[in-house]
Every structure is written in structure tokens, then in C-alpha cells.
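This report concerns only the one structure given below.
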Amino acid sequence: MPTTPRAFITGCAGPVLTPEEERFFAESDPWGLIVFRRNIETPGQVRALVAAFRSIVGRADAPVLVDQEGGRVQRLAPPHWPAYPPAAGFAAIAEAGDMAGAKATAKLGARLMADDLASLGINVDCVPCADLRLPEGHGIIGDRAYGDTPAQVASLARAAAEGLIEGGVLPVLKHIPGHGRARADSHESLPVVETSRKELEATDFAPFRLLADLPLGMTAHVVYSAIDTENPATTSKRVIEEIIRGHIGFDGALMSDDLSMGALSGTLASRTEAAFIAGCDLALHCNGKMEEMVQVASQTPQLSGEAARRCAAALDRLRSPGAFEVSQARAQFSAMIAAT
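Residue numbers (the numbering used here): 4 to 343.
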């Protein structure tokens, strides 16, 4: 009989699960696994890794995630997988006056990515990045953004999300409620945004409101001092309740950004506890360090209540891909990109 998984997503250290990792997964039963470059060598190896994880947790649809945005954030890379342009490539098409072409290209690129991922058993892609490209923002977002206006970002992000879903992969809306204005890289330190709530609602928060129906979301490790002067969104009950669930209206499954990032302080156990108290449905931990994984698991409950409902609803959005001629689509996509 299937067990109820714990509400966390974890990484692993290398391309093959170690006996220690196998025991940990069997005992802690994480909801999902996230893979990075360190876990990826060849298509056959990735398929085996994904299958091993699912076999251990006993769930054939257990989420396996990856950050496959294109550009500088692309875990599956040549020579085994094609390279894709960053979000800024699609933004450039829109900004040249061809929004319809930009949306079609973004959707087709995401559909091709989904084909790459689904062939490996990966069923969640941490895309789209709906953060705005703003001049004062740190370069950690930069060309990962679909533009500098809420309408353009939401339109292109929607197209990418649709391409993924059509290809049998769930999108993750990130970084809610907006990382584009942050002047620091949250991998290294905690950004503080001091912009007024009124301006944030008109700009940074706006794309997320237009995309609030997507199945999964990821928080931003950013302090919005107009709402909570002390806590980043990930650990702020006020930001999650008033902004993410309230103003934005997001009712999908909400995961933290990586709890091991430099923006957060305290032990991994205390970070995990704080994320759940604030209202995250899922804790995300990425670096594959076992001593940290154990801490995260120790503070993670089994999925229940609204979190369980949201996670089940997300998985219900998975669908079998329809007919798709990959080689023809790839040639078409290459031609569309070359024409820009």
C-alpha cells in the first residue's frame, strides 16, 4: 500500500545513488528528487537514476525535477542534449514587434525541452522564471527574464508553461513574488527590496498574478520590507498569506527555493521549520549533502491537508504527450531562432 510522502524535495550527490542515499530515501520518503549537472552524464544513466529513486519510494509518478531554462541555466547540455536560448532570446523577438512569433517560439522551445526531459523520466521543470528584468536588479536574473514589463513576461512565461504541459512535464512558476528587483544574488546573501507595496503590486508581483493558475510555484529568498521587514518570502507568513495566496491568488503547490542558499541563516533544520510555519507546502533542498538532508527531513511533515491537496492537484495536471514530430519541430525551432 502506498505511503504518504514527506513534504520535501531533495538532491543526491552524484550520478548513481549511494547505499546511504538509498536508505535515506527509503526511510524518509521525499515527495520528489531534483537533479543537477553533478547527477547527469548520459541519457541512459539519468533514466537509471530516476528509475532507482522511484523504485525506492514506491511511487511511479514521484516528481523528478530539473532546472532546464536554457541559456546559462541548463542542466542537460550538449553533447547529449541540445542547447536552448535563454528567456531573453524570446523577449528580443517580442521587443522587435513580433509578440505572436515570440510566444510561438517560446512554446515550441519548451515543448522540445519537455520531450528531452520526458524521455528521461523527468516530469517537472523549474520554469518559467516570471521575474522582471529591471535595470537595478542583480544579474542573477538578467537574461533569465522574459522582459521588463508584466504583460510581456506573463505572456511568454505562459507560452513556455503551456509547451511543457503539452509535453508531459509540469512547470514551476518562480521566484514568487518576484526576484527581478533584488540587488543581491540570493545564492550568496539576502536581498532586501525597499520598494513600496503599491509599486510592487503594479510591477514585480503582476506577472505572477497573471500566472496564478500554474500547478507549482517556488518562493523567492527576498525580503520585501514594505510587507515584512525581517523575513524573506520563503519564511514570511505575511508574504505567503497576504501576497502569494492573497493578492497574487496562487493556489498551486508552493515549494521553497533551495534552503541551503546563502540568503537564509540558521541550521537547515531551523530553516525548514520556518518555511513550513510560514506556509510553504514543500521544502526544497538541493546540494546533496547528506548531513543537511537529514536535518531537512527531521523537520518535514508528511503531506496532509491543503498541502496534500495542492500537490495531488499538481500531479493531476500531468498528461501524456500528444503526437509530436521531434525532428521536424527541432528544425522549425532552429529556423525561428535563426530568423531573429
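Where a beta carbon is used, it is the ideal one built from N, C-alpha and C, also for glycine. For clarity, every value in this text was computed on a predicted model and none was experimentally measured.
Where the beta strand (DSSP E) containing residue i begins and where it ends
| i | result |
| --- | --- |
| Arg9 | Arg9 to Thr13 |
| Val38 | Pro33 to Val38 |
| Gly220 | Leu219 to Thr222 |
| Ile179 | Leu173 to Ile179 |
| Leu79 | Looking at the DSSP string, Leu79 is not in any beta strand (DSSP E), and its letter there is neither H nor E. |
Residue nearest to residue i in terms of C-alpha spacing, selected from the options
| i | options | result |
| --- | --- | --- |
| Leu135 | Ala121, Val76 and Ala160 | Ala160 |
| Ala94 | Leu79, Leu68, Pro153 and Arg78 | Pro153 |
| Leu68 | Gly252, Leu36 and Gly140 | Leu36 |
| Arg212 | Gly140, Leu111 and His250 | His250 |
| His403 | Thr232, Pro174, Leu217 and Ala236 | Nothing in the structure corresponds to residue 403, since the chain is present only between 4 and 343. |
| Ile43 | Gln71, Asp101, Thr222 and Ser273 | Gln71 |
| Ser268 | Gln155, His141, Leu111 and His224 | His224 |
| Asp207 | Lys292, Ala326, Cys132 and Ala334 | Cys132 |
| Asp200 | His178, Arg184, Met221 and His190 | Going by the sequence as given, residue 200 is Arg instead of Asp. Taking only the C-alpha atoms, the option nearest Arg200 is Arg184. |
| Arg78 | Gly47, Leu120 and Asp64 | Leu120 |
| His83 | Arg312, Gln331 and Thr45 | Thr45 |
| Thr122 | Glu244, Phe327, Ala334 and Ala338 | The sequence given here has Ser at residue 122, not Thr. Of the listed residues, the one whose Cα sits closest to Ser122 is Phe327. |
| Leu203 | Gln335, Arg333 and Tyr227 | Tyr227 |
| Ala10 | Ser337, Asp231, Gly325 and Gly308 | Gly308 |
| Met264 | Glu165, Leu111 and His190 | His190 |
| Cys314 | Asp118, Val195, Asp64 and Arg40 | Asp64 |
Nearest-angstrom beta carbon gap, residue j and residue i [assumed within contact, 8 Å]
| i | j | result |
| --- | --- | --- |
| Leu167 | Ala209 | That pair is no contact at about 22 Å. |
| Ala157 | Leu214 | 6 Å |
| Val299 | His288 | 5 Å |
| Pro304 | Gly255 | Not confirmed; about 19 Å, so no contact. |
| Ala310 | Asp284 | 4 Å |
| Ser301 | Ala272 | 6 Å |
| Ile179 | Gly220 | 5 Å |
| Pro89 | Gly104 | Not a contact, Cβ separation roughly 17 Å. |
| Leu3 | Arg274 | Given that the chain is displayed from residue 4 to residue 343, the structure contains no residue 3 and the question cannot be resolved. |
| Gly92 | Gly291 | With 8 Å as the limit, Gly92 and Gly291 do not qualify as a contact, their Cβ atoms being about 31 Å apart. |
Three-way DSSP call (helix, strand, coil) for residue i in this model
| i | result |
| --- | --- |
| Thr108 | helix |
| Ser259 | strand |
| Leu137 | coil |
| Cys283 | coil |
| Leu115 | helix |
| His188 | It should be pointed out that residue 188 corresponds to Asp in this sequence rather than to His. Three-state result, Asp188: coil. |
| Met4 | With a pLDDT of only 46 at Met4, under 50, the local geometry of the prediction cannot be trusted, and the value read off the model is given with reservation. The answer is coil: DSSP assigns Met4 none of H, G, I, E or B. |
| Leu68 | strand |
| Cys129 | coil |
| Val19 | coil |
| Gln298 | helix |
| Val156 | helix |
| Val242 | helix |
Residue i: first and last residue of the uninterrupted alpha helix (DSSP H) it sits in
| i | result |
| --- | --- |
| Val49 | Pro46 to Val60 |
| Leu213 | Ala209 to Leu213 |
| Lys201 | Arg200 to Ala205 |
| Met339 | Val329 to Ala341 |
| Arg248 | Taken as a continuous stretch (DSSP letters only), Arg248 belongs to no alpha helix (DSSP H), as it is neither H nor E. |
| Leu318 | Gly308 to Asp319 |
| Ala326 | Where Ala326 is concerned, there is no enclosing alpha helix (DSSP H), given that its DSSP letter is neither H nor E. |
| Gly92 | Ala90 to Glu98 |
Closer than 8 Å to chain D by CB, residue i
| i | result |
| --- | --- |
| Arg248 | No chain D appears in the structure shown, which is made up of a single protein chain. |
Exercise. Below 8 Å, can you find three or more Cβ-Cβ pairs linking the segment 56-65 to the segment 25-39?
Worked result: yes
For this session: Evaluate the contact criterion for the segment 118-133 versus the segment 94-108: three or more CB pairs, one atom per stretch, below 8 Å.
Result: no
Exercise. Is the segment 17-26 in contact with the segment 47-56, if contact means three or more CB pairs nearer than 8 Å?
Worked result: yes
For this session: Count the C-beta pairs between the segment 169-177 and the segment 320-329 that are closer than 8 Å, then say yes if the count reaches three, no if not.
Result: yes
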